[in-house]
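Read through the structure below, which is laid out as structure tokens, and then see the notes.
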Amino acid sequence: MRILSGIQPSGTLHIGNYFGMMKPAIELQARGECFYFIADYHSMTSLSDAASRRANSLNVALDFLACGLDPKTSVFYRQSDLPEVCELTWIIGTLTPMGLLERAHSYKDKTAKGISPNFGLFAYPVLMAADILLYDANLVPVGKDQKQHVEMTRDIAIKFNQTYGETFVIPESEIREETAAVPGLDGQKMSKSYGNTVEIFGDEKAVRKKIMSIVMDSRTPAEPKPDADKNLAIQLLKLVAPPAVAAEYEQRLRAGGLGYGDLKKALFEHYWNCFAPYRAKRAELAANMDYVEGVLRDGAARARNIGSGVLARARQACGLGR
Ligand code: ADP
Ligand code: TRP
């Protein structure tokens, strides 16, 4: 089974990215052959600063490797090191109905927020489909917000196969219900674009300050809170603390007697400890950027081994070239 996923270098990675996508992706390394990549072409739809893109890409590489991506078993690469994906985007784009793209939630959300759309933003799902189809991927671990994009990939692949003959593998998404949408500090979905994130590798003081300033209601500490499971700090604690510890805090909050300040303090401590081992690994890797560059170079070569064959198959199927 081939497993594939990507992450955009459009900012600093947060615990929503980690629990929604990176952790499942890392655990899936035991179940199949994994292809993971830094979606730098995709980041061009929202970021137009070259230096930031370059720096973010290396930071994503460091974050992913520090959290447990194993470059010996997994193929880890930078999307733009394989421009073949752009050719495939064109090929499958000619079979992608406008209506399909017009229905994309992510496109509608972004334009509704006032982002003025460009061709790249509109074509975003086609590039994502090409990412997946180029490597014959079977399974795509993502957060819930990407589910529709994987469904579009399936539609496009099926249409291509019907039009030109069996060419592409039809992929499936894998979404973990419990971490499908990690809430941010304001209760909305945690996202780089909402300014409500807890970074995976944030600065200690800054993250403590952010967590301590989560807004709670005005009930007194003594009051029992029957809705304790809906409390944002409890929800985040369930991700970063051992289950028994999180359950105990939830119970104490429900019963009354636990103050929000103490709860937030506990949340910070568990967040900090949860990522402590990865923080040390990250520092080690950051001191050895030649190694990190080497991993990506090697990953691109291994990705090309598969991708060039699939692209040739697609070109052949639709009558391009000889
Ligand atoms: P962002 O919304 O912060 O820009 P991306 O779109 O780059 O995040 O998402 C990268 C990966 O992380 C995707 O698989 C996405 O589904 C997942 N992801 C992002 N935010 C969350 C979240 N709050 N909860 C769960 N998964 C998330
Ligand atoms: N669109 C994804 C996101 O924003 C990133 C991505 C690009 C991706 N290409 C992909 C994810 C292919 C899975 C498979 O999170």
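In my numbering, the protein residues as written are 498 to 819. All residues carry an ideal CB built from backbone N, CA and C; glycine is no exception. What you are looking at is a predicted structure, and each value in this text was computed from that prediction instead of being measured.
Inter-residue spacing [alpha-carbon to alpha-carbon] between residue i and residue j
{"i": "residue 709", "j": "residue 762", "result": "7 Å"}
{"i": "residue 753", "j": "residue 545", "result": "49 Å"}
{"i": "residue 577", "j": "residue 633", "result": "18 Å"}
{"i": "residue 605", "j": "residue 667", "result": "25 Å"}
{"i": "residue 783", "j": "residue 559", "result": "7 Å"}
{"i": "residue 689", "j": "residue 716", "result": "31 Å"}
{"i": "residue 617", "j": "residue 538", "result": "9 Å"}
{"i": "residue 656", "j": "residue 678", "result": "30 Å"}
{"i": "residue 469", "j": "residue 557", "result": "Here the chain covers residues 498 to 819 and nothing more, so residue 469 does not appear."}
{"i": "residue 610", "j": "residue 819", "result": "46 Å"}
{"i": "residue 814", "j": "residue 661", "result": "6 Å"}
{"i": "residue 799", "j": "residue 582", "result": "15 Å"}
{"i": "residue 766", "j": "residue 653", "result": "46 Å"}
{"i": "residue 707", "j": "residue 794", "result": "37 Å"}
{"i": "residue 642", "j": "residue 685", "result": "13 Å"}
{"i": "residue 839", "j": "residue 531", "result": "Nothing can be reported for residue 839, as the shown portion of the chain is limited to 498 through 819."}
{"i": "residue 568", "j": "residue 714", "result": "45 Å"}
{"i": "residue 594", "j": "residue 603", "result": "17 Å"}
{"i": "residue 705", "j": "residue 550", "result": "27 Å"}
{"i": "residue 624", "j": "residue 587", "result": "9 Å"}
{"i": "residue 801", "j": "residue 528", "result": "22 Å"}
{"i": "residue 789", "j": "residue 548", "result": "18 Å"}
{"i": "residue 830", "j": "residue 779", "result": "Since the first residue shown for the chain is 498 and the last is 819, residue 830 is missing from the structure and cannot be characterised."}
{"i": "residue 734", "j": "residue 773", "result": "16 Å"}
{"i": "residue 596", "j": "residue 691", "result": "28 Å"}
Beta-carbon proximity of residue i to residue j, cut-off 8 Å
{"i": "residue 585", "j": "residue 630", "result": "yes"}
{"i": "residue 510", "j": "residue 781", "result": "no"}
{"i": "residue 730", "j": "residue 711", "result": "yes"}
{"i": "residue 522", "j": "residue 502", "result": "yes"}
{"i": "residue 575", "j": "residue 512", "result": "no"}
{"i": "residue 570", "j": "residue 526", "result": "yes"}
{"i": "residue 751", "j": "residue 727", "result": "no"}
{"i": "residue 555", "j": "residue 797", "result": "no"}
{"i": "residue 769", "j": "residue 701", "result": "yes"}
{"i": "residue 589", "j": "residue 552", "result": "no"}
{"i": "residue 517", "j": "residue 640", "result": "yes"}
{"i": "residue 573", "j": "residue 792", "result": "yes"}
{"i": "residue 718", "j": "residue 755", "result": "yes"}
{"i": "residue 771", "j": "residue 737", "result": "yes"}
{"i": "residue 564", "j": "residue 515", "result": "yes"}
{"i": "residue 612", "j": "residue 644", "result": "no"}
Cβ neighbour criterion (16 or more within 10 Å) applied to residue i
{"i": "residue 675", "result": "exposed"}
{"i": "residue 746", "result": "buried"}
{"i": "residue 566", "result": "buried"}
{"i": "residue 500", "result": "buried"}
{"i": "residue 694", "result": "buried"}
{"i": "residue 748", "result": "exposed"}
{"i": "residue 739", "result": "exposed"}
{"i": "residue 743", "result": "buried"}
{"i": "residue 505", "result": "buried"}
{"i": "residue 787", "result": "exposed"}
{"i": "residue 687", "result": "buried"}
{"i": "residue 757", "result": "buried"}
{"i": "residue 498", "result": "exposed"}
Residue i beta carbon near the ligand TRP (any heavy atom closer than 7 Å)
{"i": "residue 629", "result": "yes"}
{"i": "residue 511", "result": "no"}
{"i": "residue 637", "result": "yes"}
{"i": "residue 505", "result": "yes"}
{"i": "residue 688", "result": "no"}
{"i": "residue 525", "result": "no"}
{"i": "residue 519", "result": "no"}
{"i": "residue 571", "result": "no"}
{"i": "residue 541", "result": "no"}
Heavy atom of the ligand ADP within 7 Å of residue i beta-carbon
{"i": "residue 698", "result": "no"}
{"i": "residue 640", "result": "yes"}
{"i": "residue 650", "result": "no"}
{"i": "residue 608", "result": "no"}
{"i": "residue 645", "result": "no"}
{"i": "residue 593", "result": "no"}
{"i": "residue 514", "result": "yes"}
{"i": "residue 695", "result": "no"}
{"i": "residue 678", "result": "yes"}
Close beta carbons around residue i, own chain, < 7 Å, minus the five adjacent residues each side
{"i": "residue 776", "result": "698"}
{"i": "residue 720", "result": "753"}
{"i": "residue 622", "result": "598, 601, 646, 649"}
{"i": "residue 810", "result": "664"}
{"i": "residue 658", "result": "664, 665"}
Own chain residues within Cβ distance below 6 Å of residue i, not counting five before or after
{"i": "residue 614", "result": "608"}
{"i": "residue 562", "result": "782"}
{"i": "residue 812", "result": "818"}
{"i": "residue 683", "result": "693"}
Contact with chain C by residue i, beta-carbon distance below 8 Å
{"i": "residue 668", "result": "Checking the listed chains, one finds no chain C in this structure; it contains a single protein chain."}
Other residues of its chain near residue i: CB distance less than 8 Å, five sequence neighbours each side excluded
{"i": "residue 804", "result": "579, 581, 582, 631, 632"}
{"i": "residue 628", "result": "501, 503, 534, 536, 576, 582"}
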